[in-house]
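Enquirer: Got a structure for you, written out below as structure tokens; questions coming shortly.
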Amino acid sequence: MSVSDSNPKEMICISCPIGCRLTVSQDQDKNITVTGNKCARGKVYGEEEYLAPKRMLTCTCRTDSQEFPRLPVRTLSAIPIEYIDDLLRELYRMTVALPVKRGQPLIENYRGTGVDVLASMSLDDHGR
Numbered sequence: 074m075s076v077s078d079s080n081p082k083e084m085i086c087i088s089c090p091i092g093c094r095l096t097v098s099q100d101q102d103k104n105i106t107v108t109g110n111k112c113a114r115g116k117v118y119g120e121e122e123y124l125a126p127k128r129m130l131t132c133t134c135r136t137d138s139q140e141f142p143r144l145p146v147r148t149l150s151a152i153p154i155e156y157i158d159d160l161l162r163e164l165y166r167m168t169v170a171l172p173v174k175r176g177q178p179l180i181e182n183y184r185g186t187g188v189d190v191l192a193s194m195s196l197d198d199h200g201r
């Protein structure tokens with residue numbers, strides 16, 4: 074028989090509009106238990122958030138244009154939390170040459186995560 078983790082994590086599920094309050098714990102045999110979920114998506118969310126949390130990232134990058142000095146960018150999919158600070162530093166140092174099209178990859182497969190960083194809008198190069 075396994076004993077529950079003495080330090081369960083409380084979280085609010087964001088997989089659907091219900092917003093269930095989840096309690097997630099792991100026993101000595103590494104089995105994950107999720108309680109409080111009202112749908113199957115809550116169980117999956119709780120397990121993923123407990124073991125390997127990920128987030129979508131949005132920010133802006135510098136451009137080489139005086140008229141449009143910043144370009145909004147975003148990750149195509151959620152990236153593991155441990156990569157966010159380094160990715161932000163890289164994006165803040167980056168200067169994007171215009172023109173750029175919405176959806177254009179600016180970084181592909183960041184550090185082998187399979188996550189691409191895309192331009193969130195199109196910008197022309199007039200104004201340089």
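According to the working numbering, the sequence shown is numbered sequentially starting from 74.
We put the beta carbon where it would ideally sit given N, CA and C, even for glycine.
Give me the residue from VAL169, ARG166, LYS82 with the minimum Cα distance to THR106.
Expert: Of the candidates VAL169, ARG166, LYS82, the one whose C-alpha sits nearest the C-alpha of THR106 is LYS82.
Enquirer: Would you report the Cα separation of ARG114 and SER138, rounded to the nearest angstrom?
Expert: Roughly 44 Å between the two C-alpha positions.
Enquirer: In its own chain, which residues sit with a C-beta less than 8 Å from the C-beta of GLU120, not counting the 5 before and 5 after it?
Expert: The residues are VAL97, ILE105, VAL107.
Enquirer: Tell me which residues share the same chain as VAL173 and place their Cβ nearer than 6 Å to its Cβ, disregarding the 5 neighbours each side in the sequence.
Expert: Result list for VAL173: ALA192, LEU196, in chain order.
Enquirer: At what residues does the beta strand (DSSP E) containing ARG94 begin and finish?
Expert: Where ARG94 is concerned, the enclosing beta strand (DSSP E) stretches over 94-99.
Enquirer: Please classify ALA192: does DSSP put it in a helix, a strand, or coil?
Expert: DSSP places ALA192 in strand when its eight states are reduced to three.
Enquirer: What three-state label does DSSP hand ARG143 in the structure shown?
Expert: Note: ARG143 maps to strand in three-state DSSP.
Enquirer: Three-state secondary structure (DSSP) at ILE85?
Expert: Three-state DSSP puts ILE85 in a strand.
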